[in-house]
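Structure, as structure tokens:
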Amino acid sequence: MADDDIFSRLQLLIDCHAQLLICVQEQCCFALSFKPAQVNEHLRKRHSIPIDDRRRVVRLLKNREPPLLDPANALLRQNESPYDPNLPLFDGFSCKFCDLLTISSQV
Numbered sequence: 000m001a002d003d004d005i006f007s008r009l010q011l012l013i014d015c016h017a018q019l020l021i022c023v024q025e026q027c028c029f030a031l032s033f034k035p036a037q038v039n040e041h042l043r044k045r046h047s048i049p050i051d052d053r054r055r056v057v058r059l060l061k062n063r064e065p066p067l068l069d070p071a072n073a074l075l076r077q078n079e080s081p082y083d084p085n086l087p088l089f090d091g092f093s094c095k096f097c098d099l100l101t102i103s104s105q106v
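Structural data, given as structure tokens:
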């Protein structure tokens, strides 16, 4: 089985541009931690993925070059970026005085 097959079968997507691992299962649709152990826990607790599949994903992530990034430190998508069907779309607000865009009304 090719490496990409396990990610596809488990509905995991590596965004090569952002260097993030995204869980694209309907109830998730967000970037996962870059730490293999935390990905393992997500797959176990949220999706009940069997241990053999989780071990394979962890092994692939540990050996990945370049390594994935921490979602907390990922670059924000540019304004007017094309819609990404793997990520949720949120309504938001813009600041009257600068270019800040946010989903929070507390600007």
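For the sequence shown, numbering that gives the first Met the number 0 begins at 0 and goes up steadily by one.
C-beta atoms are modelled at their ideal positions from N, C-alpha and C, and glycine is treated no differently.
Which of helix, strand or coil DSSP assigns to residue i
i	result
residue 31	coil
residue 6	helix
residue 60	helix
residue 100	strand
residue 37	helix
residue 53	helix
residue 73	coil
residue 42	helix
Bridge partners - residue i, DSSP secondary structure assignment
i	result
residue 22	11 and 29
residue 47	None; residue 47 has no bridge partner.
residue 93	100
Contact set for residue i: own chain, Cβ-Cβ below 8 angstroms, skip 5 residues either direction
i	result
residue 102	89, 90, 91 and 92
residue 73	17, 18, 19 and 30
Residues near residue i in its chain [Cβ-Cβ closer than 6 angstroms; skip 5 each side]
i	result
residue 12	21, 23 and 85
residue 35	57, 60 and 61
residue 10	23 and 24
Same chain, Cβ closer than 7 angstroms to residue i, neighbours up to 5 away in sequence not counted
i	result
residue 14	21
Item to check | Cβ contact (3+ pairs, closer than 8 angstroms) linking the segment 50-58 and the segment 84-93 | outcome: no
Checklist entry - Can we say the segment 77-86 touches the segment 32-48, given the rule of at least three CB pairs closer than 8 angstroms? => result no
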